[in-house]
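Student: The opening residue of the sequence shown carries number 160 in the working numbering; numbering runs sequentially from there.
A virtual CB, placed ideally from N, CA and C, is assigned to each residue, including glycine.
Let me give you the structure first, and then I'll get to my questions.
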Amino acid sequence: MAEAQGNIDSKDFGLGIPQNNQGYYLKGSAHLEWGMKDRLARVFSPATGKTVMLAFDHGYIMGPTSGLERMDLTIVPLLAHADCLMCTRGALRQIVPPTFTKPISLRFSAGSTVLTELNDECVMDIEEAVRLNASMLAVMVGVGSKHEALTVRNLTATVDAGSRHGIPVLGVTAVGKELVRDARYLAMASRVCAENGAHVVKTYYCDEGFEKVAATCPVPIVIAGGKKLPELDALKMARNAIDQGACGVDMGRNIFQADNPIAMIQAVKAVVHDNESAEKGLELYNTLKNEKE
Ligand code: 5RP
160 MAEAQGNIDS KDFGLGIPQN NQGYYLKGSA HLEWGMKDRL ARVFSPATGK
210 TVMLAFDHGY IMGPTSGLER MDLTIVPLLA HADCLMCTRG ALRQIVPPTF
260 TKPISLRFSA GSTVLTELND ECVMDIEEAV RLNASMLAVM VGVGSKHEAL
310 TVRNLTATVD AGSRHGIPVL GVTAVGKELV RDARYLAMAS RVCAENGAHV
360 VKTYYCDEGF EKVAATCPVP IVIAGGKKLP ELDALKMARN AIDQGACGVD
410 MGRNIFQADN PIAMIQAVKA VVHDNESAEK GLELYNTLKN EKE
């Protein structure tokens, strides 16, 4: 118990040594509050500044997507290899053990499905995100879509609610059927998310001009994988995105639809965190895949 008397006199004042004013390693995040920074540091490795998020929230708009029919069988074995999970509250409660201590990027907006018109969404209660111990809140933003204003309002409302609890927000740039995924559009959609308060932006990689998308987005960008590609192509996309300024991937189908998802997530990590080339990543993929067979 602390005593008022008889304590050793204080003596280590570090006189002459300026106090270390710690900076912060993620772009656009230096002025955030401690709780926000702590949560972002769970998502983005402080050692590399990067992340490999495993996205398996597809069911909320697509139903039982290939590879996600039985998430208890296909996703649970991948959990140990992911830096962060991007999922719905349903999937979180149903298949993710509460003893899993890595960060959760919680799908926070929902509404329509692929059967109607995407982006007609609302957002959840912030109390639910706090109950679920979310480290980040993911909100769809449909710039240029019919529901643009609604989705931007969803984003700003989530940023307001998240700020009250120190929870950062991931703006997810939705791409509708009618919108072109070129650098001009992706840069605009990403910037709209950041300007409206998103702490991290998720967008797509594009072959021409992605470095401009990343450069003009003042917060970290992670890329979605999109539709399933041959493994080497998916690894090349990750490599190119990182080289051109992305801070990681939030990848789903190119991991859980791979021939060997456990090998694939490790190959993606080697590219993202260890700076391996896509070809080295593929070598690792094949080695791990053959070990398992
Ligand atoms: C769905 C999403 C997905 O999480 C996102 O598309 C990532 O998955 P994939 O790599 O399969 O594209 O945001 O709304």
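1. Assuming ALA241 and VAL202 form a contact by the criterion Cβ under 8 Å, report the distance between their Cβ atoms to the nearest whole angstrom.
2. Does the distance between the C-beta of ASP216 and the nearest non-hydrogen atom of the ligand 5RP fall short of 6 Å?
3. According to DSSP, simplified to helix, strand and coil, what is THR210?
4. Roughly how many angstroms separate the alpha carbons of SER264 and ALA297, rounded to a whole number?
5. Does the ligand 5RP have a heavy atom nearer than 6 Å to the CB of ALA383?
6. So what does CYS243 bridge to, in DSSP terms?
7. Can a CB atom of chain B be found closer than 7 Å to the CB of VAL300?
8. Within the present structure, is the beta-carbon of MET347 separated from the nearest heavy atom of the ligand 5RP by less than 6 Å?
9. If distances are taken between C-alpha atoms only, which option among VAL311, GLU435 and PHE215 comes closest to ALA250?
10. At a cut-off of 6 Å, would you count ARG252 as near the ligand 5RP, judging by its Cβ distance to the nearest heavy atom?
11. Starting from the C-beta of GLY270, find all residues in its chain whose C-beta is less than 7 Å away, skip the five residues before and the five after it, and write them out in chain order.
12. Give the range of the alpha helix (DSSP H) segment to which VAL255 is assigned.
13. With hydrogens ignored, establish whether the beta-carbon of ARG412 is closer than 6 Å to any heavy atom of the ligand 5RP.
14. From the DSSP output, in three-state form, read off VAL359 for me.
15. Does DSSP put SER322 in a helix, in a strand, or in coil?
16. State the DSSP-derived secondary structure class of LEU160, mapped to helix, strand or coil.
17. May I ask you to report which of helix, strand or coil DSSP gives THR332?
18. Given that a residue counts as buried once 16 or more other Cβ atoms are within 10 Å of its Cβ, and exposed if not, what is ARG248?
19. Closest by CA to VAL318, which one among ASP341, ALA348 and PHE267?
20. Do you know offhand how far PRO453's Cα is from GLY175's?
21. As a quick exercise: from GLY218, GLY411, ALA373 and ALA429, pick the residue whose alpha carbon is nearest that of MET347.
22. Looking only at its own chain, which residues have a Cβ that is under 8 Å from the Cβ of MET423, when we skip the five neighbours before and after it?
23. Taking 6 Å as the cut-off, is the beta-carbon of VAL504 closer than that to any non-hydrogen atom of the ligand 5RP?
Tutor: Let me lay it out:
1. Here residue 241 refers to the residue found at position 82 when the sequence shown is read from its first residue. Here residue 202 refers to the residue found at position 43 when the sequence shown is read from its first residue. Their Cβ separation, rounded to whole angstroms, is 11 Å, which puts ALA241 and VAL202 out of contact at 8 Å.
2. For the purposes of this step, residue 216 is taken as the residue at position 57 of the sequence shown. Within the cutoff, so yes.
3. Taking the sequence shown and counting its residues from 1, the one referred to as residue 210 is at position 51. Residue state, collapsed to three classes: strand.
4. Within the sequence shown, the letter at position 105 stands for residue 264. Within the sequence shown, the letter at position 138 stands for residue 297. Taking the straight line joining both Cα atoms gives about 6 Å.
5. Locating residue 383 in the sequence shown gives position 224, where the first residue counts as 1. ALA383: yes, Cβ under 6 Å from the ligand 5RP.
6. Reading the sequence shown from its first residue, position 84 is the one you call residue 243. In DSSP, CYS243 forms a bridge with MET212.
7. The question asks about chain B, but that chain is absent: this structure has only one protein chain.
8. Here residue 347 refers to the residue found at position 188 when the sequence shown is read from its first residue. No, the beta carbon of MET347 sits no closer than 6 Å to any heavy atom of the ligand 5RP.
9. In the sequence shown, the residue the question calls residue 250 occupies position 91. It is PHE215.
10. Locating residue 252 in the sequence shown gives position 93, where the first residue counts as 1. No, the beta carbon of ARG252 sits no closer than 6 Å to any heavy atom of the ligand 5RP.
11. Here residue 270 refers to the residue found at position 111 of the sequence shown. Around GLY270: ASP279, GLU280 and CYS281.
12. If you number the sequence shown from 1, residue 255 lands on position 96. It is not in any alpha helix (DSSP H) - VAL255 carries neither H nor E in the DSSP assignment.
13. Here residue 412 is taken as the residue at index 253 of the sequence shown, counted from 1. ARG412 Cβ: within cutoff of the ligand 5RP.
14. Counted from its first residue, the sequence shown places residue 359 at position 200. Note: VAL359 maps to strand in three-state DSSP.
15. Against the sequence shown, residue 322 aligns to sequence position 163. Reduced to three states, the DSSP call for SER322 is helix.
16. For the purposes of this step, residue 160 is identified with residue 1 of the sequence shown, where counting begins at 1. Note that residue 160 corresponds to Met in the displayed sequence, not to Leu. If DSSP states are grouped into helix, strand and coil, MET160 belongs with coil.
17. Counting from 1 along the sequence shown, the entry for residue 332 is found at position 173. The answer is strand: DSSP assigns THR332 an E or B state.
18. To locate residue 248, count along the sequence shown from 1; it is residue 89. Classification for ARG248: buried.
19. Stepping through the sequence shown from its first residue, residue 318 is reached at position 159. Out of ASP341, ALA348 and PHE267, PHE267 has the C-alpha closest to the C-alpha of VAL318.
20. Residue 453 is absent from the structure shown; the chain starts at 160 and stops at 452.
21. Counting from one through the sequence shown, the residue named residue 347 turns up at place 188. Selected option, being the one with the closest Cα: ALA373.
22. The residue labelled residue 423 in the question sits at position 264 within the sequence shown. Closer than 8 Å at Cβ, skipping near neighbours: GLU390, ALA393, ASN413, ILE414, ALA417 and TYR444.
23. Because the chain in this structure spans residues 160 to 452, residue 504 falls outside the shown range and cannot be described.
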